Amino acid sequence: MISWVFKKFDDLTPPELYSILQLRNEVFVVEQNCVFQDADNRDQASYHLMGWNNEILIAYSRIVPAGIAYDSLPSIGRVVTSPKMRNAGTGKLLMQKSIEELQKLFGKVSIKIGAQLYLKGFYESFGFIQSGEMYLEDGIPHIEMIRAI
Numbered sequence: 665m666i667s668w669v670f671k672k673f674d675d676l677t678p679p680e681l682y683s684i685l686q687l688r689n690e691v692f693v694v695e696q697n698c699v700f701q702d703a704d705n706r707d708q709a710s711y712h713l714m715g716w717n718n719e720i721l722i723a724y725s726r727i728v729p730a731g732i733a734y735d736s737l738p739s740i741g742r743v744v745t746s747p748k749m750r751n752a753g754t755g756k757l758l759m760q761k762s763i764e765e766l767q768k769l770f771g772k773v774s775i776k777i778g779a780q781l782y783l784k785g786f787y788e789s790f791g792f793i794q795s796g797e798m799y800l801e802d803g804i805p806h807i808e809m810i811r812a813i
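Note that our numbering has the sequence shown beginning at 665, numbered continuously upward.
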């Protein structure tokens, strides 16, 4: 059972913030063997969706208002599930909940994301379509995708 918590940055507790950074580093830095600046100064302006299994953070995404990552559209980023929860449908639940929370905040608007290329099919299953050419971000192939309203 996943307990979902959605908060603005200033409302995060120190243990929640630590768990977020720990999970993001576990996957984006260690597992993907990618040295990059995770603390990118977007967290403070964003909203944070956390999926908890008891006291363990197993899923996370951040909802970024328009004007922060992309000029005219809000975004969902840092989408991550714990390696222990892979292939259990947790990622699908996380994206469904992320879209739902974004729409509660900003209404039924288009959403733009920067997706790792290997996850293109995953994001297409939520209505996102590729909107740009492949580019490298921190040495990993990415594409921009939009979920139009």
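The beta-carbon is built from N, C-alpha and C at its ideal position, and this holds for glycine as well. All values derive from a computational prediction rather than experimental measurement.
Assigned with DSSP and collapsed to three states, A703 falls in coil, not helix or strand.
Membership of M714 in the beta strand (DSSP E) is indicated by the continuous run 711-717. The three-state reading of DSSP puts S762 in helix, counting H, G and I together. If you look at R688, you'll find it in the alpha helix (DSSP H) that goes 678-688. For the pair S683 and L721, the CB atoms are nearer than the 8 Å cut-off. Ranking S710, L783, P678, V744 by CA distance to the CA of V691 puts V744 first. Going by beta carbons, K776 and E808 fall inside the 8 Å limit.
The straight-line gap separating the alpha-carbon atoms of I793 and I810 is approximately 5 Å. For E801, the enclosing beta strand (DSSP E) has its first and last residue at 799-801.
Counted as a single uninterrupted DSSP element, the stretch harbouring G741 is not any alpha helix (DSSP H) but the beta strand (DSSP E) occupying residues 739-745.
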